[in-house]
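Here the sequence shown is numbered in this note's numbering, starting from 286 and rising by one per residue.
Virtual Cβ for every residue (Gly too), placed ideally from N, Cα, C.
From a predicted model like this one, the values you see are computed outputs, not experimental measurements.
Working notes, structure below.
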Amino acid sequence: MKRSVELNWLEDLVFEVDNEGHKIMIDADMENSGKPRGMRPKPLMMVSLAGCTAIDVVDILKKMRVNIKGLSIKVDGNIRDELPKDFLSMHVIYVFKGKNLPLDKLERAVQLSKDKYCGVSATLAKAIDLTYEIQIID
Numbered sequence: 286m287k288r289s290v291e292l293n294w295l296e297d298l299v300f301e302v303d304n305e306g307h308k309i310m311i312d313a314d315m316e317n318s319g320k321p322r323g324m325r326p327k328p329l330m331m332v333s334l335a336g337c338t339a340i341d342v343v344d345i346l347k348k349m350r351v352n353i354k355g356l357s358i359k360v361d362g363n364i365r366d367e368l369p370k371d372f373l374s375m376h377v378i379y380v381f382k383g384k385n386l387p388l389d390k391l392e393r394a395v396q397l398s399k400d401k402y403c404g405v406s407a408t409l410a411k412a413i414d415l416t417y418e419i420q421i422i423d
C-alpha cells in the first residue's frame with residue numbers, strides 16, 4: 286500500500302502540506318523564520334505517534350466495552366543537542382478519564398497499539414527508545 290503527501294513551499298521557511306484534502310502548515314522556529322505560521326517537523330513526528338496510538342486505543346477500548354470519558358496523550362521527546370538533532374527517545378503518557386476504569390484493559394489496549402496496530406510506533410521503535418505510561422483520572 287502506498288501513501289503520499291504533497292508539500293509546497295509558500296514563502297520564507299513556510300510550507301503547506303496536503304494529504305487527501307487536509308492541509309497543515311509547517312514552519313521553522315522563530316529564530317529562523319520570524320513568522321510562526323505552522324508546526325515544526327519534529328513535533329509533527331510526536332503528533333503522528335500520539336494520533337496513531339490514540340485511534341488504536343480508543344477503538345480497542347470500544348471493542349472491549351470500556352467506557353472512557355476522555356483520553357489525553359502527551360509525548361515527550363529527547364533530542365540530541367548536536368546536528369542533526371535527531372530524536373533519542375520518546376515517552377508516551379496516556380491520561381484516561383473515567384470512573385472505575387479497569388487498568389488491565391487499559392494496559393492491554395496500549396500494548397496492542399504499541400506492538401500490533403500502530404505503524405508509527407513500530408517505525409519509530411526501530412530507531413529510538415519508546416516508553417509508555419498510563420495515568421487514570423476519575
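Just list the residues that DSSP pairs residue i with in beta bridges.
i: residue 312; result: 299
i: residue 379; result: 358, 419
i: residue 293; result: 301
i: residue 324; result: 311
Would you give the residue range spanned by the beta strand (DSSP E) that residue i belongs to?
i: residue 418; result: 414-422
i: residue 425; result: Outside the shown range of the chain (286 to 423) lies residue 425, about which nothing can therefore be said.
How should residue i be labelled, buried or exposed, when 16 other C-beta atoms within 10 angstroms of its C-beta is the threshold for buried?
i: residue 331; result: buried
i: residue 334; result: buried
i: residue 340; result: exposed
i: residue 394; result: buried
i: residue 323; result: buried
i: residue 375; result: buried
i: residue 342; result: buried
i: residue 290; result: exposed
Measure the beta-carbon distance from residue i to residue j and round it to whole angstroms, keeping in mind my assumption that it falls under 8 Å.
i: residue 337; j: residue 404; result: 7 Å
i: residue 379; j: residue 419; result: 5 Å
i: residue 351; j: residue 386; result: 7 Å
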